[in-house]
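As structure tokens, the structure follows; a few thoughts come after it.
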Amino acid sequence: MDQAPGSRQDDAHSGLPTCYRHADRETGVRCTRCERPICPECMVSASVGFQCPDCVRDGSGTGHAPSASRPRTLAGGTVAADPRLVTKVLIGLCLAAFLVQLSVGDRFTDSFDLLGRAYIPLLGEVGGVAEGEWYRLLTSMFLHGSYIHIVFNMLSLWWLGGPLEEALGRARYLALYFVSGLAGSALTYLLAAPNQPSLGASGAVFGLFGATAVLMRRMRYDMRPIIALLVINLIFTFSPGFNISWQAHIGGLVAGVVIGYGMVHAPRERRVLVQGGACALVLAVAVVMTLLRTGQLT
Numbered sequence: 003m004d005q006a007p008g009s010r011q012d013d014a015h016s017g018l019p020t021c022y023r024h025a026d027r028e029t030g031v032r033c034t035r036c037e038r039p040i041c042p043e044c045m046v047s048a049s050v051g052f053q054c055p056d057c058v059r060d061g062s063g064t065g066h067a068p069s070a071s072r073p074r075t076l077a078g079g080t081v082a083a084d085p086r087l088v089t090k091v092l093i094g095l096c097l098a099a100f101l102v103q104l105s106v107g108d109r110f111t112d113s114f115d116l117l118g119r120a121y122i123p124l125l126g127e128v129g130g131v132a133e134g135e136w137y138r139l140l141t142s143m144f145l146h147g148s149y150i151h152i153v154f155n156m157l158s159l160w161w162l163g164g165p166l167e168e169a170l171g172r173a174r175y176l177a178l179y180f181v182s183g184l185a186g187s188a189l190t191y192l193l194a195a196p197n198q199p200s201l202g203a204s205g206a207v208f209g210l211f212g213a214t215a216v217l218m219r220r221m222r223y224d225m226r227p228i229i230a231l232l233v234i235n236l237i238f239t240f241s242p243g244f245n246i247s248w249q250a251h252i253g254g255l256v257a258g259v260v261i262g263y264g265m266v267h268a269p270r271e272r273r274v275l276v277q278g279g280a281c282a283l284v285l286a287v288a289v290v291m292t293l294l295r296t297g298q299l300t
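Our numbering puts the last residue of the sequence shown at 300; the count rises by one with no breaks.
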């Protein structure tokens, strides 16, 4: 909770105030505009001293346009006016694709879902990733098999995606979403039967689950709610009769944990290198799995 300008959160041992945005960090520096205590992560250089992200966002007294020194998210991304814009766009794309599925029918779905290699009766030809249709690894992330399927995935995307987008910033959030989804698709392609179609945003959503758990641990939040929700989802994933691609869920989850850890624990001086490296590592593993399976099927 924001404090009034000039107020202090005195630590019982050191007497230092704590950052108004990060209550677990002591600091001896205050914003030169509003005088709230700010930690190094929240300091934005001004013409004199440092200012807090709120004052910079409002363009208060820096002598420059607000865009000159943008405040940064926990992961180093730019703070956006609408912190859920990308999440809204992703949901909109999934809903639009589902409407096309309903309008066009199975021919559209069979053309873009995830398939290893099989004869597709509606298309009258053999298709799949092994036939060079690499785009299926990506397009399948926006397709869904039923109303309940898309409702659950979109609700999960909204609940998990919004806070993550705000904490990571748009570019890092997009990287997390797509790389996690591709990792889930690659593991499905590697382990599932080649004639078993798969579709849904679940791989990417489970990546958000993994990154959310890492972020909550980093912020020292109560982990029990996210763990309970994750356990419930994993129970459904492995329960017989639900016809769920567990490979996509596990692949996305592991990718989300790895990328999330790189995003929120990267040292500030090597932030871009570490974050980019985490994404590149997961993407490289996904490429290797895809090439390995393609070699098996061709």
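For every residue, glycine included, the Cβ atom is placed at its ideal position computed from N, Cα and C.
Rank the options by C-alpha distance to the C-alpha of residue i and give the top, closest one.
| i | options | result |
| --- | --- | --- |
| ALA286 | HIS24, ALA195, LEU189 | LEU189 |
| ALA206 | VAL256, ALA195, MET225, PRO199 | VAL256 |
| ASN197 | GLU127, TYR149, LEU170 | GLU127 |
| LEU236 | ILE40, THR111, GLY253 | GLY253 |
| THR29 | CYS36, LEU125, CYS44 | CYS44 |
| ASP115 | LEU140, LEU125, LEU104, VAL102 | LEU140 |
| MET291 | ALA120, TYR191, HIS146, CYS41 | TYR191 |
| ALA268 | PHE110, GLU133, ARG220 | ARG220 |
| THR34 | CYS96, VAL46, HIS24, PRO242 | VAL46 |
| ILE229 | PHE211, ASP56, PHE238, ASN245 | PHE211 |
| MET218 | LEU166, ASN245, GLY243 | LEU166 |
| ALA194 | LEU232, GLY164, ALA25, GLY130 | GLY130 |
| SER247 | LEU201, THR89, SER158, GLY78 | LEU201 |
| VAL266 | GLY78, ALA98, LEU97, CYS57 | GLY78 |
| PHE100 | THR300, SER148, ARG23 | SER148 |
| GLY107 | ARG226, LEU92, HIS146, LYS90 | HIS146 |
| ARG86 | GLY164, GLY264, ARG174, VAL260 | GLY164 |
| ARG174 | VAL276, PRO42, ARG27 | VAL276 |
| ALA185 | CYS96, GLY171, VAL260, PRO227 | VAL260 |
| ARG109 | GLY134, LEU178, LEU125 | LEU125 |
| SER158 | TYR179, GLY171, LEU170, SER142 | TYR179 |
Can you grab the Cα-Cα spacing for the pair residue i / residue j, in whole Å?
| i | j | result |
| --- | --- | --- |
| ARG295 | PHE144 | 23 Å |
| CYS21 | LEU176 | 29 Å |
| VAL284 | GLY278 | 10 Å |
| GLN249 | MET156 | 20 Å |
| GLY262 | THR214 | 8 Å |
| GLY63 | ALA82 | Bear in mind that the predicted position of GLY63 carries a pLDDT of just 48, short of 50, making it unreliable; the figure below should be weighed with that in mind. So the two alpha carbons sit approximately 20 Å from each other. |
| CYS281 | VAL216 | 15 Å |
| TYR223 | GLY297 | 45 Å |
| ARG270 | LEU117 | 41 Å |
| VAL153 | GLY209 | 18 Å |
| HIS251 | PHE240 | 10 Å |
| GLU37 | VAL31 | 9 Å |
| PRO19 | ILE40 | 9 Å |
| LEU293 | SER187 | 13 Å |
| SER105 | PRO123 | 19 Å |
| LEU76 | GLU168 | 9 Å |
| VAL289 | VAL181 | 11 Å |
| ASP12 | PRO242 | Interpretation of ASP12 is limited by its pLDDT of 43, a score under 50 that renders its predicted location unreliable; the figure taken from the coordinates is listed afterwards. Distance between the alpha carbons of ASP12 and PRO242: 55 Å. |
| THR80 | LEU162 | 19 Å |
| PHE244 | HIS151 | 11 Å |
| HIS24 | ARG74 | 13 Å |
| VAL91 | GLY51 | 38 Å |
| LEU137 | SER113 | According to the sequence provided, residue 137 is Tyr. The question's Leu does not apply to it. Roughly 10 Å between the two C-alpha positions. |
When DSSP builds the beta bridges, which residues end up paired with residue i?
| i | result |
| --- | --- |
| THR80 | ARG74 |
| GLN53 | VAL46 |
| PRO39 | ARG32 |
| SER200 | LEU116 |
Starting from residue i, follow the alpha helix (DSSP H) in both directions and report where the run begins and ends.
| i | result |
| --- | --- |
| CYS281 | 273–299 |
| ASN235 | 226–240 |
| TYR22 | First-last for TYR22: undefined, no H or E at that position. |
| ARG172 | 172–193 |
| GLY243 | Taken as a continuous stretch (DSSP letters only), GLY243 belongs to no alpha helix (DSSP H), as it is neither H nor E. |
Tell me whether residue i counts as near the ligand NAP, meaning its Cβ is closer than 8 Å to at least one heavy atom of that ligand.
| i | result |
| --- | --- |
| HIS146 | With respect to small molecules bound, the structure shown includes none, and the ligand NAP cannot be examined in it. |
| request: Please list the segments of the alpha helix (DSSP H) lying wholly inside the segment 100–168, counting only runs of 4 or more residues, in order along the chain. | output: Correct list: 108–114, 138–141.
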